[in-house]
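Student: One structure coming up, written as structure tokens, with questions to follow.
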Amino acid sequence: MSADVDSGERRRGRILPREAGAVSLDLVIGVMAFLAALALGGVLIANRNAETWQAGLLGRLTVQILPQGEAPPENEVDAAVQVLKATPGVAYAGALSSAENLALVEPWLGRDAVVAVLPFPRLIDVRLAPGATPDMMTLEKRLKDAAPHAVLDDHRRWIVRLKAAANTVVLSALAILVLIAVGTAATVAFATRAGLAAHREIVELLHLMGARDGFIARAFEWHYFLAALIAAFCGAALAAAGLVAAGSLDQFGLSSVSFLPPLGLPVLDLAWLASIPAGAALIAWATARASVIAALHELY
Amino acid sequence: MVRFENVGMRYGAGPEVLRDVSFTLAPGSFTFLTGPSGAGKSSLLRLVFLAEKPSRGLISLFGCDLAMLRRADLPPLRRRVGVVFQDFRLLDHLSAFDNVVLPLRLQGRRPADYTRDVEELMSWVGLGDRLHFKPPTLSGGEQQRVAIARAIVARPDLLLADEPTGNVDPDMGDRLIRLFVELNRFGTTVMIATHDRALIESTPAREMRLVDGRLIEMRGPR
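Going down the list, the sequences are from chains B and S. Here the first sequence stands for residues 1 to 300, numbered as in my numbering. Here the second sequence stands for residues 301 to 522, numbered as in my numbering.
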């Protein structure tokens, strides 16, 4: 828009009125932007957690000493720890205490007294030095020799499954995001076209008074660009606030479902949500321009 | 200024609403377009202010053959034509003043350069105390005067008016016709479609009469 028209717009009334029903259209755009932001947040959370899970499991081993009768034999636990500590590439090997064992199963079984007397295996947590790749076959054989009830778990099975699960979550969230993005785009385009239909008389009047197509198109495209930007910003901001609140639950001790991954997003990832109002505004801008130019070309 | 040669016009696949219309409006002329309702007066005006294309025939405006012009050439021609629409076509969300200055805004004129002149013009048409009223709060006659002020504010070369005195009392009708005559005296070519015999009799101007889409009579000064 030229500087002159801009100053005219400020000093004099806007050429386009806020049409009846604009509030409900803004509301629809806001709600769609909110849903799109939640879906995008879901993709980012799933992606980040998949990376965290993999990073947490890579470079770690677990050795279980299975119970013999009511409890695992303590001498086998010590022997296995010794074998592990003597293995090149192992940075740390330590048996979990009974309290630590119980803490692990607490989310699923609770703190009942009866849990404490269940025959749990003893777990040995093993961390590998960065880049170390010990021969698992040899290590397992040496462990079996020293502790016949030892079972070596290198988490490979879990990592593969976790990767598949995380990929499924990310892909599902992406599919939802695409659907919502298409829905949002269609809604914005529909809202813009509906608004234009209401302003058709103004388009024709300006045209007959000698306004060029570009002048009329600019009045409309900025009108809808701003309306969509504000509505979608409100929707996305609400979703961002929701994501921040969900991520802060831990700090207030409200995270009762402790086996779920954290829902929070770092501030940098939240910046991605800004793409939603920007996208909605661009769709509105392009739809308005295309619709006005098409409507004007129907006139002489 | 305006030349029609054997012009015919129809809307879509409907019957012809104008048939073999030929006439010339000389620069600085004043013409009444008369005829019964449905005779084609509004359609003829729509052809002149470039809202419609003729189905056949030749139209020349300001010396330009319209058939030879590209679409992008038309806006400058439209800006030289002021139109008073029968249904006024005011923008209800703008004040009377902002409606009147719309043609000046389209020309890119600065408010500081025109505000005083526009206020003077609006006082002349009896809207001096209605500058900031929005059209829905104005009477039919006041809306008509806003439409007239908007049509003449940019001092057009050609002024077209469709029943411009239809909603005003005789005194205001006289005042408005004097405004048109004054504008005409300064060089604007004027064409007014009207049923108002008193208005026609009171003004020494040419009369073109349309009946059933045909121009059947021209009389008066040329």
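The C-beta atom is built at its ideal place from N, Cα and C for all residues, glycine as well.
Report yes or no: do the stretch 497-510 of chain S and the stretch 470-479 of chain S share at least 3 C-beta pairs separated by less than 8 Å?
Tutor: Because the criterion of three Cβ pairs below 8 Å is met, the stretch 497-510 of chain S and the stretch 470-479 of chain S touch.
Student: For P375/S, which residues in chain B fall below 8 Å Cβ to Cβ?
Tutor: Working through the second sequence from its first residue, we reach residue 375/S at position 75. Under the 8 Å cutoff, chain B gives G210, A211, R212.
Student: Identify whether Y92/B lies in helix, strand or coil by the three-state DSSP scheme.
Tutor: The residue you call residue 92/B lines up with position 92 of the first sequence. If DSSP states are grouped into helix, strand and coil, Y92/B belongs with the strands.
Student: Count the other CB atoms, across all protein chains shown, that sit within 10 Å of the CB of I15/B; report buried if there are 16 or more and exposed otherwise.
Tutor: Counting from one through the first sequence, the residue named residue 15/B turns up at place 15. Buried, by the Cβ-count rule.
Student: Does DSSP put F433/S in a helix, a strand or coil?
Tutor: Along the second sequence, one-based indexing puts residue 433/S at 133. The answer is coil: DSSP assigns F433/S none of H, G, I, E or B.
Student: Anything in chain B within Cβ reach of K353/S, meaning under 9 Å, just list it in chain order.
Tutor: Your numbering for residue 353/S matches position 53 in the second sequence. Neighbours of K353/S on chain B, chain order: Y300.
Student: Check the DSSP bridge columns for V302/S and list the partner residues they point to.
Tutor: Within the second sequence, numbered from 1, the residue matching residue 302/S stands at position 2. In the DSSP output, where bridge partners are listed per residue, V302/S has L325/S, L361/S.
Student: Cβ atoms of N399/S and G441/S: under 8 Å apart, would you say?
Tutor: In the second sequence, counting from the first residue as 1, residue 441/S sits at position 141. In the second sequence, counting from the first residue as 1, residue 399/S sits at position 99. For G441/S and N399/S, no; Cβs fall outside 8 Å.
Student: Can you tell me the Cα-Cα spacing of F259/B and L104/B, whole angstroms?
Tutor: Walking along the first sequence from the start, residue 259/B turns up at place 259. Walking along the first sequence from the start, residue 104/B turns up at place 104. Only weak support exists for where F259/B lies, its pLDDT of 48 falling under 50; the coordinates are left without a value.
Student: Just to confirm before moving on: does the CB-CB distance between A228/B and A194/B stay below 8 Å?
Tutor: Here residue 228/B refers to the residue found at position 228 of the first sequence. Here residue 194/B refers to the residue found at position 194 of the first sequence. No. Outside cutoff.
Student: Relative to the C-alpha of R303/S, which residue among S329/S, S337/S, F486/S is closest?
Tutor: Locating residue 303/S in the second sequence gives position 3, counting from the first residue. Comparing Cα-Cα distances from R303/S to each of S329/S, S337/S, F486/S, the minimum goes to S329/S.
Student: Using the three-state DSSP reduction, which class does G210/B fall into: helix, strand or coil?
Tutor: The count along the first sequence starts at 1 and reaches residue 210/B at position 210. Residue state, collapsed to three classes: coil.
Student: Please report the residue range of the alpha helix (DSSP H) in which M422/S lies.
Tutor: Within the second sequence, residue 422/S is the residue found at index 122, counting from 1. Residues 411-424.
Student: Applying the 10 Å Cβ sphere with the 16-neighbour rule, what's the burial state of H432/S?
Tutor: As a first step, residue 432/S is located in the second sequence; it is residue number 132 there, counting from the start. Looking at its Cβ environment, which holds fewer than 16 other Cβ atoms inside 10 Å, H432/S is exposed.
Student: Beta carbons nearer than 9 Å to chain S: which residues of the stretch 194-208 of chain B have them?
Tutor: Hits within the stretch, in order: E201, I202, E204, L205, L206, H207, L208.
Student: Is the beta carbon of A36/B less than 8 Å from the beta carbon of T184/B?
Tutor: Here residue 36/B corresponds to residue number 36 of the first sequence, with the count starting at 1. Here residue 184/B corresponds to residue number 184 of the first sequence, with the count starting at 1. Yes; because the gap between Cβ atoms is below 8 Å, this pair is in contact.
Student: First and last residue of the beta strand (DSSP E) that includes D153/B?
Tutor: Residue mapping note: residue 153/B aligns to position 153 of the first sequence, counting from 1. Where D153/B is concerned, the enclosing beta strand (DSSP E) stretches over 150-153.
Student: For I180/B, tell me which candidate among A165/B, G42/B, S97/B, V292/B has the shortest Cα-Cα distance.
Tutor: Taking the first sequence and counting its residues from 1, one reaches residue 180/B at position 180. Measuring from the Cα of I180/B, the nearest candidate turns out to be G42/B.
Student: Please confirm whether L325/S and M309/S have their CB atoms less than 8 Å apart.
Tutor: Within the second sequence, the letter at position 25 stands for residue 325/S. Within the second sequence, the letter at position 9 stands for residue 309/S. No.
Student: Okay, do the stretch 401-415 of chain S and the stretch 354-365 of chain S touch, 3+ Cβ pairs below 8 Å being the bar?
Tutor: The stretch 401-415 of chain S vs the stretch 354-365 of chain S: no contact.
Student: Quick check on the burial criterion: 16 or more other C-beta atoms within 10 angstroms. Buried or exposed for I516/S?
Tutor: The residue you call residue 516/S lines up with position 216 of the second sequence. Exposed is the call here.
Student: Can you tell me the Cβ-Cβ gap for I276/B and A236/B, rounded? I've got them flagged as a contact below 8 Å.
Tutor: The residue you call residue 276/B lines up with position 276 of the first sequence. The residue you call residue 236/B lines up with position 236 of the first sequence. Rounded, the Cβ-Cβ distance is 4 Å, consistent with contact.
Student: Can you tell me which of F220/B, H155/B, I124/B puts its alpha carbon nearest to the alpha carbon of L143/B?
Tutor: Here the question's residue 143/B lines up with position 143 in the first sequence. Closest by alpha carbon: I124/B.
Student: Which residues, in chain order, does the stretch 220-242 of chain B contribute to contact with chain S at a C-beta distance below 8 Å?
Tutor: From the stretch 220-242 of chain B, no residue has a Cβ closer than 8 Å to chain S.
Student: Tell me whether S256/B sits in a helix, a strand or coil according to DSSP, three-state version.
Tutor: As a position in the first sequence, residue 256/B is number 256, starting the count at 1. Bear in mind that a pLDDT of 46 at S256/B, under 50, signals an unreliable position, so the number given afterwards is only what the model happens to contain. Residue state, collapsed to three classes: coil.
Student: Going by C-alpha to C-alpha distance, which of S342/S, P327/S, L333/S, G335/S sits closest to Y311/S?
Tutor: As a first step, residue 311/S must be located in the second sequence, where it is residue number 11. Nearest C-alpha to Y311/S: S342/S.
Student: Using the C-alpha atoms, what's the distance from E201/B back to P456/S?
Tutor: To locate residue 456/S, count along the second sequence from 1; it is residue 156. To locate residue 201/B, count along the first sequence from 1; it is residue 201. Roughly 22 Å separates the two Cα atoms.
Student: Is L510/S near L344/S, with beta carbons less than 8 Å apart?
Tutor: The sequence position of residue 510/S within the second sequence is 210, counting from 1. The sequence position of residue 344/S within the second sequence is 44, counting from 1. Cβ distance < 8 Å, so L510/S and L344/S count as in contact.
Student: Closer than 7 Å, Cβ to any Cβ of chain B: which residues of the stretch 433-444 of chain S, in chain order?
Tutor: Cβ contacts with chain B come from no residue of the stretch 433-444 of chain S.
Student: Could you give the DSSP three-state label for F330/S: helix, strand or coil?
Tutor: Position 30 of the second sequence, counted from the first residue, corresponds to residue 330/S. It is a strand residue.
Student: Considering only DSSP beta bridges, list what L62/B is partnered with.
Tutor: By 1-based counting over the first sequence, the position of residue 62/B is 62. It is worth fixing the name first, because residue 62/B is Thr in this sequence and not Leu. Beta-bridge pairing links T62/B to D125/B, D153/B.
Student: Locate the alpha helix (DSSP H) running through A493/S, then write down its first and last residues.
Tutor: Against the second sequence, residue 493/S aligns to sequence position 193. Per DSSP, A493/S belongs to no alpha helix (DSSP H); it is in the beta strand (DSSP E), 489-493.
Student: At which residues does the beta strand (DSSP E) containing I516/S begin and terminate?
Tutor: In the second sequence, counting from the first residue as 1, residue 516/S sits at position 216. Where I516/S is concerned, the enclosing beta strand (DSSP E) stretches over 514-519.
Student: Should L421/S be flagged as near chain B, meaning a C-beta pair shorter than 8 Å?
Tutor: Sequence index remark: in the second sequence, residue 421/S carries index 121 (1-based). For L421/S, the answer is no, since every Cβ of chain B falls outside 8 Å of its Cβ.
Student: Please list the partners that P17/B has in chain S, where partner means a Cβ-to-Cβ separation under 7 Å.
Tutor: Within the first sequence, numbered from 1, the residue matching residue 17/B stands at position 17. Here the neighbours are H393.
Student: Under a three-way DSSP split, which group does G308/S fall into?
Tutor: Position 8 of the second sequence holds residue 308/S. Here G308/S sits in strand by DSSP.
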